[in-house]
Amino acid sequence: MNESLSTGNFYDYPQQDASGATCIAQAWAKTPAPLPLEEKRDVIERIKALLKARDAVIVAHYYVDGDIQDLAMQTGGFVSDSLEMARFGKNHAAQNLIVAGVRFMGETAKILSPQKHVFMPDLEATCSLDLGCPAEDFRKFKSAHPDRVSVVYANTSAAVKAQADWMVTSSCALAIVHHLDQQGKKILWAPDRHLGRYIQEQTGADMILWNGACIVHDEFKATELAAMRQKHPNAMVLVHPESPQHVVDQADVVGSTSAMIKAVLEGSAPEYIVATDQGILHRMRQLAPQKKLIAAPTAGESATCKSCANCPWMAMNGLHGILQCLEHGIGEIEVNEPIRSEALACILRMLDFTSTNPELLAKAQHGFIKNIGAA
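Take the sequence shown: its letters are residues 210 to 584, numbered as in this note's numbering.
Printed below as a string of structure tokens:
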């Protein structure tokens, strides 16, 4: 296996406002407060009526608030990972998409459906991976390695995708990199270094990695996870591949959010330690209420956490934000040409690959699974 080279800058996301607050602190400050029960019921009913009146549908990620996930499912919308969100938004007949997630998800929906209006509850809801891979820096990174195929994670801006050969999500990244490696291609990967390292380990591909990370997954702690496993010896450990190596090494299942949900549904264990954003626990509990779910540790005696297994930008999505989209057209995403058409190419390449290679996709997904018991 060729060793990877870690390059680029590691952004600790310190971008401060005039008061000195970091971008993480700014996001937490904008997180909507829980609504009183009667107000929440009223807002939900108004949203339901407006979704019908405005020919709109909600497309939500597993990490957003459970009330939004439930509302999406109750109104004919969709809750899933970023790959299936992109596919659903493209194929659904509604002319107005409300994307409850982070900015790159809204941009992807607009890139795939330029004729539709795409709205987000808060346009400032971004992603640490997106922030950590500025388009101009990526341009320099790519220019320094012209012999490599550039593969970028979905968690990047439209301006970065416009420069890439392929876009991937955690559901299909392993299969696509394996496919490229079998063709003799050398890979330029951005931005998540942990996911890139894991894919390289699994495929043996020649990869140069951008030095970025997700603030949620980067904070999971191996020592504390080992201690938790001792307290729960019958638990299956599920880890998202954006997590650090020493956390991934302890996993029974390593995979995307959809793969982790599948493991809970099909696994024989009575307990599951889950190392990803805690927003996913809402859907897991609905689908497998008889199983005990335990959030993996992000802090210990020698550690503190910035996200504490909750993405601050996902938390910025609120019911009032959705209502504002529908009532006043606030929060519409725009992606200018030629960036949109240039970014479209790498996204369609991914969608075409996942549609035409289901067996390879399934086989590669099993590469994430180390010990799923009876599943």
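Built from N, CA and C at the ideal position, the CB exists for glycine as well.
Residue i to residue j, Cα distance in whole Å?
| i | j | result |
| --- | --- | --- |
| Ala508 | Gln454 | 16 Å |
| Arg406 | Leu418 | 8 Å |
| Ala344 | Ala431 | 32 Å |
| Leu560 | Leu292 | 8 Å |
| Phe350 | Gln495 | 43 Å |
| Arg549 | Ile320 | 5 Å |
| Leu569 | Thr412 | 13 Å |
| Arg558 | Trp375 | 7 Å |
| Glu254 | Pro245 | 14 Å |
| Asp514 | Leu490 | Looking at the sequence provided, one finds Cys at residue 514 rather than Asp. If you take the alpha carbons of Cys514 and Leu490, they lie about 19 Å apart. |
| Ile277 | Gln487 | 15 Å |
| Val544 | Ala384 | 29 Å |
| Gln459 | Lys394 | 30 Å |
| Val273 | Ser516 | 14 Å |
| Asn364 | Cys423 | 9 Å |
| Gly464 | Ser379 | 7 Å |
| Gly298 | Val288 | 11 Å |
| Leu434 | Pro506 | 6 Å |
| Asp415 | Arg402 | 14 Å |
| Ala468 | His270 | 14 Å |
| Thr231 | Asp427 | 18 Å |
Identify whether residue i lies in helix, strand or coil by the three-state DSSP scheme.
| i | result |
| --- | --- |
| Ile267 | strand |
| Leu502 | strand |
| Ser511 | Low confidence applies here, because Ser511 scores a pLDDT of 45, under 50, leaving its location unreliable and the question unanswered by this model. |
| Phe287 | strand |
| Tyr407 | helix |
| Val273 | coil |
| His529 | helix |
| His426 | helix |
| Glu475 | helix |
| Cys381 | coil |
| His441 | coil |
| Asn566 | coil |
| Lys239 | coil |
| Leu340 | helix |
| Leu244 | coil |
| Ser352 | helix |
| Ala334 | coil |
| Val298 | It should be noted that the sequence gives Gly, not Val, for residue 298. Residue state, collapsed to three classes: helix. |
| Ser366 | coil |
| Cys517 | coil |
| Ala468 | helix |
| Ser452 | coil |
Please look up how many angstroms separate the CB atoms of residue i and residue j, rounded, as I've assumed it's under 8 Å.
| i | j | result |
| --- | --- | --- |
| His537 | Pro241 | 17 Å between Cβ atoms; not a contact. |
| Glu333 | Met523 | Not confirmed; about 12 Å, so no contact. |
| Leu306 | Leu535 | No, Leu306 and Leu535 are not in contact; Cβ-Cβ is about 12 Å, not under 8 Å. |
| Ala303 | Asp264 | 5 Å |
| Ile531 | Ala309 | 7 Å |
| Val586 | Lys500 | Because the chain spans 210 through 584 in this model, residue 586 falls outside it and cannot be assessed. |
| Val327 | Ile542 | 5 Å |
| Ile233 | Pro567 | Between Pro567 and Ile233 the Cβ distance is about 39 Å, and since that is not below 8 Å, they are no contact. |
| Gly527 | Pro330 | 6 Å |
Which partner residues does residue i have in the DSSP bridge list?
| i | result |
| --- | --- |
| Asp401 | Gly421 |
| His326 | Asn305 |
| Leu447 | Val462 and Val483 |
| Glu541 | Phe328 |
| Ile396 | Val358 and Met416 |
| Met314 | In DSSP, Met314 forms no bridge with anything. |
| Trp375 | Val360 |
If you measure from the CB of residue i, is any heavy atom of the ligand GDP nearer than 6 Å?
| i | result |
| --- | --- |
| Ser352 | Annotation note on the ligand GDP: not contained in the displayed structure, which lists no ligands. |
Can you find at least 3 beta carbon pairs, one from the stretch 298-316 and one from the stretch 325-344, that sit closer than 8 Å? yes
Contact the stretch 271-291 vs the stretch 544-559: 3+ CB pairs below 8 Å: no
Say whether the stretch 352-362 touches the stretch 398-417, bearing in mind that this needs 3 or more beta-carbon pairs closer than 8 Å, one atom from each stretch. yes
Please determine if the stretch 474-492 and the stretch 437-457 are in contact, where contact requires at least 3 C-beta pairs separated by less than 8 Å. yes
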